[in-house]
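Input: a single structure, listed below in structure tokens.
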């Protein structure tokens, strides 16, 4: 325990934290959800902690599981999966010992109501998972630094986190004003990518986006901000953003959140096009026919699953097809999947051939035999970390329904 | 020609190694995941979005960078690289170190035997000056000497 405290203190000292403060959220969240052979040192460290009786003071959720037999894979890929994730069972046992909420608490969208790990405004968190941290800070108004895996669990073990960065009022001020001057609603994942790449770790205050996504945090806005935030966090390292007239702190404090020397970044259609064109395509054959499509990194919301069901049905009608032209996997949390299964949409989506899974697509793509497959996605996070090729949602919709 | 830069010590230590320079943010997960997963002895950078480093060996290099970016597994990945003895010789940040890199470096310092000095706040001039292959020496007090 002393070594855990020493680690947290050193972490805080690096950022001039004056003190450690108690975690106030009900639950934690860990980014590490995979038992992968290469990360053996992590599991050894966790064994050491467990042996010393250092378990979490709060229950927690974890990122998505790396494997799901419902996701298409061939026997060779399965063999590699088995070797790669040989520590999965051992690791899940460790998580149970540390205090994971339950067997369904594996998702990157732990903050959605169907999962139930939704912090309150002002709560102090010890979370990791870049997309969840940026959502909690920005959309929920909770306070969490961009902690790394391991450190977040050590915070939960101690029940304390060092007070610096996004835990302070000053750390939540905006360094950039981002002006949205597009002629149509910007693609969430593309806009997030552009802003992330430009501002990197700084805090952007985005103006002009409310004209496209409204001034109310409804299901559509939440889905948009989930995807937008994940792209800012993975294509850059944004941990907090403010959307004028929409996110809680921007609604409360407006432009007083801007630092005096805030820089300006203008995003128009040409800028988004420039960013999209800058993405490298690392497929061996750039004209290859896609063999798989992943949607849902981060995991989709219930509303997204329903909307996509309707969208695919309509486009399949146009194309004269009954089922999708490319094997397609939509990923969502076990909690969202359970709720979706209760709706009429679940059967309809199944009839289009789309598979719904709780898997982490990134973990799937880490398999070298999957990496060489031409996989398409609308996720800028998945594009960043794997060989998956990015297309906008409109492009994806046409491709998977055989219209492009 | 020799030039010195004074930084802030995050993890103390000394090192002498060839520079490997990333002018953009260093994505720890994207850079290391394939190399660690498949035991690449050269620890080649796997980040397709980093034209400075992609496919270059990072093993025992003096990694010069502005900051790290990307997934919050970053610190865990860096910790694992150190525990598996695949770490760079040192990490030299032009900016203030970010929370993910700091986590990884501090975890490695406290929970592994690896020697990986880390210095930050070396300034943009450092990153503008240093080039791949230049010889870097770090002193205990965070003084970085660049030769070449």
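Protein chains in written order, with this note's numbering: chain V, 1 to 404; chain H, 405 to 552.
The beta-carbon is built from N, C-alpha and C at its ideal position, and this holds for glycine as well.
No experiment lies behind these values; they were computed from the predicted model shown.
request  = On the DSSP bridge assignment, give the partners of residue 18 of chain V in chain order.
outcome  = None, per the DSSP bridge assignment.
task = For chain V, find out if any of its Cβ atoms is closer than 9 Å to the Cβ of residue 429 of chain H; answer yes or no.
result = yes
message = Using a 10 Å radius around the Cβ and a threshold of 16 neighbouring Cβ atoms, would you call residue 270 of chain V buried or exposed?
response = exposed
message = Whole angstroms are fine: how far does the CA of residue 447 of chain H sit from the CA of residue 152 of chain V?
response = 27 Å
request  = Please check the pair residue 513 of chain H and residue 492 of chain H, which I expect to be a contact at CB under 8 Å, by giving their CB distance rounded to whole angstroms.
outcome  = Not really, about 14 Å apart at Cβ, beyond 8 Å.
task = Would you list, in sequence order, the uninterrupted alpha helix (DSSP H) runs of no fewer than 4 residues that lie entirely inside the stretch 53-137 of chain V?
result = For the stretch 53-137 of chain V, whole alpha helix (DSSP H) runs of length 4 or above, ordered along the chain, are 75-84, 88-98.
ask   = Taking Cβ positions only, does residue 510 of chain H come closer than 9 Å to chain V?
value = yes
query = So is residue 233 of chain V in contact with chain H if we call contact Cβ pairs under 9 Å?
reply = Taking Cβ atoms only, chain H reaches closer than 9 Å to residue 233 of chain V, which makes this a yes.
query = If we cut at 9 Å on Cβ distances, does residue 498 of chain H have a partner in chain V?
reply = no
task = May I have the straight-line CA-CA distance separating residue 517 of chain H from residue 44 of chain V, to the nearest angstrom?
result = Straight through space, the alpha carbons of residue 44 of chain V and residue 517 of chain H are spaced by roughly 14 Å.
contact_flag[the stretch 233-244 of chain V, the stretch 380-391 of chain V] where n(CB pairs < 8 Å) is 3 or more = Contact between the stretch 233-244 of chain V and the stretch 380-391 of chain V is present, because at least three Cβ pairs lie under 8 Å.
task = Confirm, please, whether the CB-CB distance from residue 502 of chain H to residue 471 of chain H is below 9 Å.
result = yes
ask   = Which one of V:186, V:174, V:1 has the shortest CA to CA distance from residue 273 of chain V?
value = V:186
query = In chain H, what lies closer than 7 Å to residue 193 of chain V by C-beta?
reply = Here the premise fails: no neighbours, minimum Cβ distance about 10 Å.
task = Put residue 213 of chain V into one of helix, strand or coil per three-state DSSP.
result = helix
ask   = Can you tell me whether residue 83 of chain V is buried or exposed, with buried defined as 16 or more other CB within 10 angstroms of its CB?
value = exposed
task = Output the distance between the C-alpha atoms of residue 182 of chain V and residue 212 of chain V, rounded to the nearest integer angstrom.
result = 10 Å
key: Residue nearest to residue 519 of chain H in terms of C-alpha spacing, selected from H:494, H:546, H:451, H:408   = Nearest C-alpha to residue 519 of chain H: H:494.
query = Considering only residues of the same chain and omitting the five flanking positions on each side of residue 293 of chain V, which have a CB-CB separation below 6 Å?
reply = Within the same chain, residue 293 of chain V has close Cβ partners 326, 328, 376, 400.
request  = Check residue 148 of chain V in the structure and name its three-state DSSP category.
outcome  = Here residue 148 of chain V sits in coil by DSSP.
task = Look at residue 61 of chain V and residue 30 of chain V and say whether their C-beta atoms are less than 9 Å apart.
result = yes
task = Taking residue 27 of chain V as the reference, give the member of V:20, V:302, V:124 with the closest Cα.
result = V:124
query = Looking only at DSSP bridge pairs, what is residue 205 of chain V linked to?
reply = V:177, V:242
key: C-alpha gap between residue 57 of chain V and residue 24 of chain V, whole angstroms   = 11 Å
key: Contact residues within the stretch 443-467 of chain H, judged by C-beta distance below 7 Å to chain V   = Answer set for the stretch 443-467 of chain H: 452, 453.
ask   = Out of curiosity, what's the CA-to-CA distance linking residue 504 of chain H and residue 350 of chain V?
value = 40 Å
key: residue 301 of chain V versus residue 265 of chain V - alpha carbon distance   = 30 Å
task = Would you mind working out which of H:480, H:474, H:435, H:498 sits nearest residue 197 of chain V, comparing C-alpha positions?
result = H:474
ask   = In or out: residue 528 of chain H buried (at least 16 other Cβ within 10 Å) or exposed?
value = exposed
query = Secondary structure at residue 488 of chain H, three-state DSSP: helix, strand or coil?
reply = Note: residue 488 of chain H maps to coil in three-state DSSP.
message = Comparing C-alpha positions only, which one of V:385, V:365, V:391, V:92 sits nearest to residue 72 of chain V?
response = V:365
key: Anticipated Cβ contact below 8 Å, residue 354 of chain V with residue 312 of chain V, distance rounded   = 7 Å
query = Per DSSP, what kind of secondary structure is residue 187 of chain V in: helix, strand or coil?
reply = coil
task = For residue 108 of chain V, collect the residues of the same chain with a Cβ closer than 7 Å to its Cβ; drop the 5 residues on either side in sequence, then sort them by chain order.
result = 63, 64, 129, 131, 132, 298, 299
key: Alpha carbon of residue 550 of chain H to alpha carbon of residue 138 of chain V, nearest angstrom   = 41 Å
Neighbourhood of residue 484 of chain H by C-beta, 7 Å cutoff - its chain only, sequence neighbours within 5 removed = 440
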